[in-house]
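Q: Quick note: the sequence shown, position 133, residue 133 per UniProt numbering, numbers continuous.
Glycine included, each C-beta is placed from N, C-alpha and C at the ideal position.
Being a predicted model, the structure only gives us computed values, none of them experimental.
Handing you this structure, nothing more for now.
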Amino acid sequence: MGRTRGLGLRDLLCGVSKSSPKKGKSSAQRSFEYRQRLTPVELQLYKEKARERAKKQYHKVLTEEEKAARREASRIRSKQYRDRKKAECGRFLPLAHSTPKAKTRKQIHVQREQWRQQKSKQRENWTSQKRRRHREKSLAYYYKKQAEKASTLNGKVESMASAPVRGRAKDPALVSIGYSALAPTTDDTTTPASEVLRADAVCETVETAQINFDESECADSVNDASVCVSNNHNTETSGEERVIPLQSKTSLKFKERCKDIKPSEVIEKLDFELTSLKMKRSKDDIAKKKQYFKLLSSPISPVKQNLYKRKKQNKATENAIKYMKDQAVPLPSKSSVVTGDAGDANTRQILPQKMKWLLNDYNKTNPDYKVSIRTMYRQKPKNILSSRNRRYIQCLCEICTNVDLQLEAINPYLQTPINGREELSQMSLCAESNLTLSCLERSCTLCGVEGVREKLVFTMSFQSFVKWSSWDMVLTKHGKRRELVEKEGTLGDLMTSLMSALSDLSHHIFTFRWQYSQLKQAVYALKSRSAVAIFDFAENFLCQYQNEVQSSHWGYNQVTVHPCVLYYDCISCNQLITDYVVVLSDDLLHDSHFVRATTDIVIRHIVGQIGGLDRFVIFSDGCSAQYKSKLPFFHLLTSPHQTEVIRCYFGSRHGKSPCDSCGGLVKRLVSHDIRAGLCIIQSASAMHSHCSKTHSMPDANHPPGACAHTRRSFVLLENIDRSCDVSTELKTLSGTRKLHAIRRVGGRLQKRNLACFCGACERQDFAQCAHERFVHQWEFVEWQIPGSQPAKSCRSKEMLDSHDRGAFFKTLLKMSSACATFQELRQLAQSVERKVDSFGSLPQKQIFIEDGRYTIDSVANNILPPSVPANYFPLVTGSDGNCLPRAISLLIFGDENHHIEMRQRIAHTLAVQKKVFLDPHLWVDKEGSMSPSQLLQFLLNVADVGYDTSSPSDVFESETLSVAKNAIFMGLWQLFACAFLTKRRVVSHYPSRGWTVYQSHCNRMITPPNYDPNTHALHIMWSTTRSDMVEENWVSNHFVPLMPLVRPKTVQVSNHSTLEVELPIVDSIYLVDWHGQDYLAQVMDVDRSESAFLVKFMAQRKDMHYWPIKDDMSWEPFSILKREVQLTLVEAMSNSRVQYFSYDIL
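Given below as structure tokens:
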């Protein structure tokens, strides 16, 4: 009896009913029991088969709409995957197929020559019958092609005219007059491709031509053509003749114009005349030639010609040009500007290596688009020079240059020479696939410098004598400087020096290449509301005249040029914009404060261009005074902008960037305008005004509303705030030299050894960084910042309640600089007067040189006026625009650290006591011959804010408001304020040179109205920091304090023979005049005749050639003694800060 079963899906569909009321096991139950009997391994195999079977069954039952939806979803996923891979890799994926290797022109020429020789040998073996058959076959083939050529061209033109052009309907008028009647004739030089292009041009011309003529015009044209043809047929045919082919463009345009006339009268005549037109090369037919050339010429569109070029060759050429532009290094000099064919100016760039090496590197990185060295030279842009064309190779990295010099010296002794430092570095590293940061840091056990020693095979012993060169620091008469030094030694010494340099070379090369690659990646991965910038100072611009007098040659002004190259996306078309922002300033101090002010300007500029800025990446070199030190890091931490700023630094000594070329270009353009007489540049404001009008991009001719993807603008930077300089109180950040990326996160700084802008880092997923082999994770910086120094505190008035004297006056300087009017400054001075008095009165004790360590100012010492007392000496002070406050601080406090306080006290005294300082009767010298009106006139004449005798009050207020700011030069009015402030006499000494009017006004003893007779006088001397002025044109730009050594001792000497008895000069220190230079010297002994002395010089002497004299003790005549100093047990020693003969007193 058979087993009953339940009805399945097939039974229900077929209409089968149950044969028995008894219900059997279902298929699901049987399948379950079967699976229970399987082992785990068999069960796993069963599940996999079932999964595959279900998958196939699922695809079978899908409808066409579902299948289309699945295909669309798969396409979207594939596109997203490709986009993700492009973003991660930073470039397009390589093509899957490979192209054949491109042959150079020389290789093609050689191959054709081989084919030609082989064919010639083959023809030599032909029989006469073979030659005859070959000639017959060639002639038949030639006639056949000539017949096919005309018929094919007629058919192509007719088919193109009848076919729709760019989807337009065909013109029935053209079809009605017939295209075949105007079939043009072609000469042997016309190629089929060019005929097709001309025929294509015909269709476009016919579609776009405007038919506007009358019948008489058409008849005149036809008659002119008939006359030309008849004249041509009547001339002799012995001369050189040339068939001018009838171009399709002209014939069809003419036929289109003639469509309203009888076709049988016009077309037949044109068909006969124009298809057989010939012209001789005679002078009489020149006018006819020009007419027909103009009529029959139909140039091929360059766009259409490019369509028929080989795409592979174009791609290879484009890659080669792009590669050379990426490798070229810009030249910063303004003389390196070249003018292009279109009149635009570009800066010259230099290729860093030989073209042969660059070609090998390019073909290695672009295997599918290889080129020859001839193509590289031919496609090289005009403004890019090869390495051999550079006149002076300057601004090189000394690390790389020293290695090159050592390789040049060691290669002749190697069995296999090393081809450059790149190859030497690769020999000391692991393979590129296994390269890690430990290999570069020389901590890898599989590679290192020792492996290079084993690979090198020498042809001579290590004891051989060799010579090489190296750039080293040497001590010269001008101090330490780096010069090219010739060295000698054994081959082993040279090898040791090379291996020592190699230990850091690999990391050095990798770092600067990596940072440049990340700059390109950052620009490539730009997002909305983000920007990338490159900062760098250019050389100062020298303001010269086109026609100048002789005396002005030594007094040129300079302008600071700071180019900033910005990259951001256009808000209209999302294309990359290159924006050159050139900051100009009269401030010649290139420091971090200048960079901070420039950063603020650039951020505001970008926000104005794109509406907002969320992230700002700044690349620059690693100059510690400008970009990479504790003070720039402090500015980054205390920046008021909410923008995320990331500072990245190029490799050491490899900071060349587009900023150098931009600075050179701007200076070249301005210099050209000066030579052309178009402008006069003597300040940053004049340069800014001229450049903004003539050299900005886009210019006035740019269409309004159109996108400009290359821009250039100029910004004038006038006042730089340096009041919050906390560099002396900040600690140096550990590991500054090794970090190349730093940013601010949550009020703290994070640093990184290298910059990285891969896909993971852009998504803030730093744990999944694609370059974790080389780049560390961001780590917070443990940095102690003084609590009283942040910039926000300097901007707050709460600091006025601080008991810290230095912090209070720094804050006061910030607030005084922010005052816009004299009244605001006066109100501020009155409000803080009580707080200033709380610090106590100024010290009244006189300070001598023996009380501390001071340096004699040699420049001022050589121009001392006769009014200076005998025991007073000028001291060196800072020349940063605060020389007078520093000099007063040194005379009152014994140091220059209180110069900010003295500046504020002087400015506030001028503001509060305005009436006192505007009354010349209170300040006129009673013993002098100058009247009060003359004194006031002189004060107004020398005021830095301008000359205005009609309103002395306005001049005084403007100057007072100006000197309240940092680094502003002071003058005679401020000396009056010093006397009033200290209640002492101030003796002003002016050298006996320059204009006599200055000597008569500035040589004076200033006695204030509140003079205290129990105080000593303060001596101030007008000096200079320049050494290039003649005595007649001498001007002062510096103040130095005059400080006494000790009180001079007066001894009367009656007889020279009793000199040693009455004046015991042994063991005494004197100021002696030795060869026109002043030295401190101690008298050690006196000869018996008492006419000479054994003198021990405290400072190292130098002879007329500035060579040191080893013997510091010598017998000198009595006449060299100038002044007695009487500083026993005090040692004088030379100071390296002052050139030649300066000295310190300890």
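Tell me whether Phe535 is buried or exposed, calling it buried when 16 or more other Cβ atoms sit within 10 Å of its Cβ.
A: By the neighbour-count rule (16 or more Cβ atoms within 10 Å), Phe535 is buried.
Q: Going by DSSP, what residue range makes up the alpha helix (DSSP H) through Thr599?
A: Counting along the chain, the alpha helix (DSSP H) containing Thr599 begins and ends at 592-610.
Q: Three-state secondary structure (DSSP) at Pro1008?
A: Looking at Pro1008 - three-state DSSP - the assignment turns out to be coil, as it is neither helix nor strand.
Q: Report yes if the CB atom of Cys564 is closer than 7 Å to the CB atom of Ala533, and no otherwise.
A: In contact: Cys564 and Ala533 (Cβ atoms closer than 7 Å).
Q: Can you list, in chain order, the residues of its chain with a C-beta nearer than 7 Å to that of Gln327? Leave out the 5 residues immediately preceding and following it.
A: Taken in chain order, the residues that qualify are Leu351, Pro352, Leu358.
Q: Leu519: which of Ala755, Phe893, Gln846, Lys67 sits nearest, CA to CA?
A: Answer by Cα proximity: Ala755.
Q: Between Ile373, Thr496, Pro367, which has its C-alpha nearest Ile410's C-alpha?
A: The residue with the shortest Cα to Cα distance from Ile410 is Thr496.
Q: Within its chain, find whatever has a CB closer than 7 Å to the CB of Gly612; leave out the 5 residues flanking it on each side and keep chain order.
A: For Gly612, where only same-chain residues beyond five positions count, the Cβ hits under 7 Å are Arg529.
Q: What span of residues does the alpha helix (DSSP H) with Phe766 cover, start to end?
A: It is not in any alpha helix (DSSP H) - Phe766 carries neither H nor E in the DSSP assignment.
Q: Give me, in chain order, the residues of the same chain whose beta-carbon lies closer than 6 Å to that of Val485; leave out the 5 immediate sequence neighbours on both sides.
A: Within the same chain, Val485 has close Cβ partners Ser470, Asp472.
Q: If you reduce the DSSP assignment to three classes, tell me which class Asn363 lands in.
A: Residue state, collapsed to three classes: helix.
Q: Considering only DSSP beta bridges, list what Val1040 is partnered with.
A: Beta-bridge pairing links Val1040 to Met1021.
Q: How many whole angstroms separate the CB atoms of Gly622 and Lys628, which I take to be in contact at a CB cut-off of 8 Å?
A: With 8 Å as the limit, Gly622 and Lys628 qualify as a contact, their Cβ atoms being about 4 Å apart.
Q: Taking only three categories from DSSP, how would you classify Trp554?
A: DSSP places Trp554 in helix when its eight states are reduced to three.
Q: Quick check on this structure: which residue in Arg35, Val645, His690 has the alpha carbon closest to the alpha carbon of Val745?
A: Selected option, being the one with the closest Cα: Val645.
Q: In the DSSP assignment, find the unbroken alpha helix (DSSP H) run with Gln426 in it and report its ends.
A: 420-427 is the extent of the alpha helix (DSSP H) around Gln426.
Q: Does the segment 862-872 come within contact of the segment 816-825, defined as at least 3 CB pairs closer than 8 Å?
A: No: fewer than three Cβ pairs fall under 8 Å.
Q: Going along the chain, which residues of its own chain have a beta-carbon closer than 7 Å to the beta-carbon of Asn976, five neighbours each way excluded?
A: Before going on, a small fix: residue 976 reads as Phe here, not Asn. These residues qualify, in order along the chain: Phe917, Trp923, Ile1006.
Q: Would you call the segment 985-995 and the segment 1012-1031 in contact, with 3 or more CB pairs under 8 Å?
A: Segments in contact, yes.
Q: For Pro885, I'd like the list of residues in its chain whose CB is within less than 6 Å of its CB, leaving aside the five on either flank, ordered along the chain.
A: Contacts found: His899, Met902, Arg903.
Q: Which term fits Met687, buried or exposed, when burial requires 16 or more other beta carbons within 10 angstroms of its beta carbon?
A: Flag for Met687 reads buried.
Q: Using 8 Å as the threshold, is the segment 695-709 in touch with the segment 570-578, meaning 3 or more CB pairs across them?
A: These segments touch.
Q: Under 6 Å Cβ to Cβ from Lys142, same chain only, skipping five residues before and after it: list those, please.
A: What sits at residue 142 in the sequence shown is Tyr, not Lys. So the list is empty, once near-sequence residues are dropped.
Q: Count the other CB atoms within 10 Å of the CB of Pro704; is the residue buried (16 or more) or exposed (fewer)?
A: Its Cβ having fewer than 16 others within 10 Å, Pro704 is exposed.
Q: In the DSSP assignment, find the unbroken beta strand (DSSP E) run with Trp471 in it and report its ends.
A: Run containing Trp471: 465-476, per the beta strand (DSSP E) assignment.
Q: If you compare alpha carbons, which of Ala860, Pro1008, Asn862, Pro1041 is closest to Cys883?
A: That would be Pro1041, whose Cα lies nearest to the Cα of Cys883.
Q: Spatial neighbours of Ala741 within its chain, please: C-beta separation below 6 Å, excluding the five flanking residues on both sides.
A: Hits under 6 Å: Cys648, Arg752, Ala755.
Q: When burial is assigned at 16 or more other CB atoms within 10 Å of the CB, is residue 1152 buried or exposed?
A: Here the chain covers residues 1 to 1146 and nothing more, so residue 1152 does not appear.
Q: Starting from Cys883 and walking both ways along the beta strand (DSSP E), at which residues does that stretch end?
A: First-last for Cys883: 883-893, but that is the alpha helix (DSSP H), not the beta strand (DSSP E).
Q: Could you check whether the segment 802-817 touches the segment 955-974, counting it as contact only if at least three pairs of C-beta atoms, one from each stretch, sit closer than 8 Å?
A: Output reads yes: the segment 955-974 touches the segment 802-817.
Q: One question on the structure: do Cys769 and Ile681 come within less than 7 Å of each other, judged by their Cβ atoms?
A: In this structure, Ile681 does not lie closer than 7 Å to Cys769 by Cβ.
Q: Measuring CB atoms only, is the segment 315-327 touching the segment 369-380, in the sense that at least three cross pairs come out at less than 8 Å?
A: Segments in contact, yes.
Q: Should Asn434 be labelled buried (16 or more other beta-carbon atoms within 10 Å of its own) or exposed?
A: Asn434 is exposed by the Cβ-count criterion.
Q: Mind checking whether Val559 and Ala684 have CB atoms under 7 Å apart?
A: Closer than 7 Å, so yes.
Q: Could you compute how far the alpha carbon of Gln111 sits from the alpha carbon of His134?
A: Distance between the alpha carbons of Gln111 and His134 is about 24 Å.
Q: Flag this pair as touching only if the segment 657-668 and the segment 759-777 have three or more C-beta atom pairs under 8 Å; answer yes or no.
A: No: fewer than three Cβ pairs fall under 8 Å.
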